[in-house]
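Q: Quick one: structure below, then a few questions.
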Amino acid sequence: PGPIGFVSQSGLFTGIVTAELRRRGLGLGYLVSSGNESVVDFADLLAAMAEDPRVRVVAGYMEGIRDGAKLAEAAAVARRHSKPVVLLKVGRTAESAAAAASHTGAMAGAYDVYRAAMRQWGIIEVDTIQDLFDTIEAFAVTEKKARGDRIGILTNSGGLGVFGADMVRAHDLPMATFSDQTVSAIKERLPEFGSAVNPIDFTLQAFTDPEGVGSHLRHMMRDDGVDVGLAFFGVQLLNGEALAQEVARANAETGKPIVVAWMLGDPVAPPMLRAAGVPCLDDPETAVKTARMLVNQGVLASESVGHRAPIAKPDAVAALPNDKSGTLSEWQSRAVIQAAGIKAAKGALAESATAAAAAAQKIGFPVVLKVDSDEIAHKSEAGGVLLNLADGDAVRDGFETMMSAVKAYAPSAALRGVGIYEMLPAGVELIAGISRDAAFGPVILVGLGGIMAEVMEDTALGVAPLSRKDALDMVRSLKGFPILDGARGRPKCDVDAVIDVLLALSDLAIACPQIAELDVNPLIVLPVGEGAIAADALVTLADVEADA
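Quick look at the structure:
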C-alpha cells in the first residue's frame, strides 16, 4: 500500500507499473485497468483517486478519451485536492492513434489537442515510460513544492556537474548563483581542489568525510538563491548509508525539494533516501527532468487555473445562414466575426465596376479587391485578389479584369460580387481560428500568419471555453512571441487585442456549434493601443442535424 493512484487503458501495463514501483519500494493506493469503459471511464477513475486522502499523486497511461469535458472536470477535482496528475499519452501519430481507438473504443482526437488540453488544465504530461515512473516517484516521495526554478547542484564529479548544468539549461531552468556567504561556508570543509561555486564539486571527500558532504548540501539549500537542490553521486560504493543519512538530514532541515541521482553506487542508499522523502533517480538527466516537473507543479500550485463564463453571441448566431452548410463567402464570414466582436477591415460589396469605384471612394484609397464567392476557396489562384489600387479608374479596370479571370477559372461558380476593402497598415500577421475535435469539442488556434504559419508551424491551441489566462498562455507560448513583444527594437504589439480576439472566437465557437471551422488569416496586430484587425475571414458550417 502507498500514496500512488494509477489508472491504465492497457491491462498489461498495470503489471509493468506494479513491478517497477515494487522495485523502487513505492506503494499503490489504487491500480485500475479501465477495460472497455462502457460505464466507468478514465476521467471517473482519475477524479475518484484524487478525492481519496490516502493518495498523494494520480497517474495514468492514456490511449484516448471520448469526453474531453469530463477530463477537464477530473483535473479540476485533482486541483481542488492539491493532487498532481501525471499522464503518459500514447497514440500521438495518425497510425498509433488509430491503433489506440481500435484497442479502447475511444474516439481519439488529434494529439496536439490533447497536449494543449493537458497543459491548459494543469495535467503533467510525460514523454517516456522512464519519465512517467520518475515523476510518480517524485510526487509520491515528497510533498515539497518548488517556489522557483533556480537549481543548485552538488556532486562528487566535476564531469557530472558540468553535464548536469548542461541538462539544467537544456530543460529551460536557470543555474542558481550562490551568495558569497554560501561559498565561504562551503570552502571551510571543501578539499582545496574542489569547487564551491555552482555546481559544487566535492571530489573524493565522500570517501573520508560524509559529514562534510552533508554540510555542503545544507549550506547550498539554505541559500536564498536556490529553489531546488540536485545531488549527483557517481559510483559511490563506500559510505552509502552515511551519505544517505546526511542527505536525509539536509532534507529534514529545508522546505525546498532535493532530488538525488545515485549512479551505480551502493544499493543501500536509494531506499533510505526515498523513505526519508528524497526522490532518488539513476542518472543526472532524469534527476534534472524530475526537478523540472517539481518546478512545473510548484508554478501550478502558486497560480490559479483560469476560469471565465462564455459570453452569448446572439448577433453572431443571427448572422449565420440557416439554410446551408459548407463554406461561406468572405463577405458572409466577415459579418459573422464582426457580430462576434472582432474588428475587420472596412469594406463593401459591389456588383458592378461603377459601384466598386464609388465604394472605394468612401472607404479611402488605396484599396484591395477580392472576388466574393463561397465556391472559390483560393481566390488568389483564380485571379480574384488585387492589391493596392490607388484610384477609381484602377478599381473599375480591376473589377472588369478580375471578373473575366475568375469566370475563366471557374465558369460555373456563383459570384456574389467583389469585396472592396481598405489596405491595412503594416503590422505583425497572425492566424486565429476555430476547429472541432471529436473528444474535446471547439478548439481555438493562434499562430504566426501568412507563409510563417505553414513553414514554421508556430501555432498554439486551447480548448474552449478559454479564460484570459488561457489565451495569454497560448500567445506567449509561440516561438514568434518575441516579435509581438518588441524584439530587436520593433514596437510592442497590442497583445491584449489578440487575447480579445481569441476570447471572442472561444465564445463564438460555443454559441454556434454549427461552425465547423473558422479562419482569420491574416489578423493584423498593430502597436500597443491600436488593436488587431481581421484582413480576411473564412467560415465553414457543418450540418448539425445531420451530425446528430
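Per this note's numbering, the sequence shown starts with residue 26, numbered consecutively.
Ideal placement from N, C-alpha and C gives every residue a C-beta, glycine not left out.
(1) Taking three-plus beta-carbon pairs below 8 Å as touching, is the segment 519-528 in contact with the segment 545-556?
(2) Are the CB atoms of V293 and A312 within a distance shorter than 8 Å?
(3) To which residues does DSSP link K395 through a beta bridge?
(4) DSSP three-state label for E98, please.
(5) Which residue comes first and which comes last in the alpha helix (DSSP H) that contains A72?
(6) According to DSSP, is P547 helix, strand or coil?
(7) Quick check: the Cα distance between F67 and P109, rounded to an integer number of angstroms?
(8) In or out: V260 buried (at least 16 other Cβ within 10 Å) or exposed?
(9) Smallest Cα separation from D544: which of A534, V564, G556?
(10) Considering E45, what are the terminal residues of the alpha helix (DSSP H) in which it resides?
(11) Which residues in the same chain as A415 place their Cβ atom closer than 6 Å to its Cβ, once the five residues preceding and following it in sequence are excluded?
(12) If we require 4 or more residues per run, which alpha helix (DSSP H) segments fall completely within the segment 310-379?
(13) Does the Cβ of R175 have 16 or more other Cβ atoms within 10 Å, making it buried, or fewer, making it exposed?
(14) With DSSP as the reference, please indicate the residues paired to T484 in a beta bridge.
(15) Is it buried or exposed for S398, if we count other Cβ within 10 angstroms and need 16 for buried?
(16) Over the uninterrupted beta strand (DSSP E) stretch that includes T565, give me the two end residues.
(17) Short check: CB of L179 to CB of I225, under 8 Å?
(18) Near A190, what residues of its chain come up, given a Cβ to Cβ distance below 7 Å and the 5 sequence neighbours on each side ignored?
(19) If you compare alpha carbons, which of E271, L113, F158, E162 is closest to R140?
(20) Please state whether DSSP places R194 in a helix, a strand or coil.
(21) Rounded to whole angstroms, what's the CA-CA distance from T160 to Q363? Just pull it up for me.
(22) Alpha carbons only, please: which of S460, N181, K281 is nearest the one belonging to L229?
(23) Taking its Cβ as the centre, do 16 or more other Cβ atoms sit within 10 Å of E162, making it buried, or is it exposed?
(24) Taking only three categories from DSSP, how would you classify S429?
(25) Just tell me which of P216, M245, G254 has its CA closest to the CA of T207.
(26) Let me know the secondary structure DSSP gives K504 once reduced to three states.
(27) Short of 7 Å in beta carbon distance, which residues of its chain neighbour M192, apart from the five on each side in sequence? Order them along the chain.
(28) Strictly by DSSP, which residues pair up with L242?
(29) Any idea if S127 is buried or exposed, counting beta-carbon neighbours within 10 angstroms, 16 or more meaning buried?
(30) Near L53, which residues of its chain fall below 6 Å by C-beta distance, leaving aside the five closest residues on each side in sequence?
(31) Identify, in the order they occur along the chain, each residue of the same chain with its Cβ nearer than 8 Å to the Cβ of I388, setting aside the five sequence neighbours on each side.
(32) Along the chain, where does the alpha helix (DSSP H) containing L528 start, and where does it finish?
(33) Kindly indicate which three-state DSSP category K108 falls into: helix, strand or coil?
(34) In whole angstroms, what is the alpha-carbon distance linking K432 and K404?
(35) Determine the direct distance from the alpha carbon of G511 to that of L527, and round the result to whole angstroms.
(36) Taking all protein chains shown into account, do 16 or more other C-beta atoms lie within 10 angstroms of the C-beta of S467, making it buried, or fewer, making it exposed?
A: Based on what the coordinates show:
(1) yes
(2) no
(3) V410, G444
(4) helix
(5) 67-76
(6) strand
(7) 16 Å
(8) exposed
(9) V564
(10) 36-49
(11) F390, P391
(12) 339-344, 355-364
(13) buried
(14) G472
(15) buried
(16) 562-566
(17) yes
(18) I178, M200, P224
(19) L113
(20) helix
(21) 46 Å
(22) N181
(23) buried
(24) helix
(25) M245
(26) coil
(27) P309, E310, V313
(28) None; L242 has no bridge partner.
(29) Residue confidence is low: S127 scores 33 on pLDDT, short of 50, so the model does not pin down where it sits. Its coordinate-derived value is still stated next. Burial call: exposed.
(30) G27, I29
(31) K371, G372, A373, I445, Y446, E447
(32) 520-536
(33) coil
(34) 12 Å
(35) 21 Å
(36) Correcting the residue type first, residue 467 is Pro in the shown sequence and not Ser. Buried, by the Cβ-count rule.
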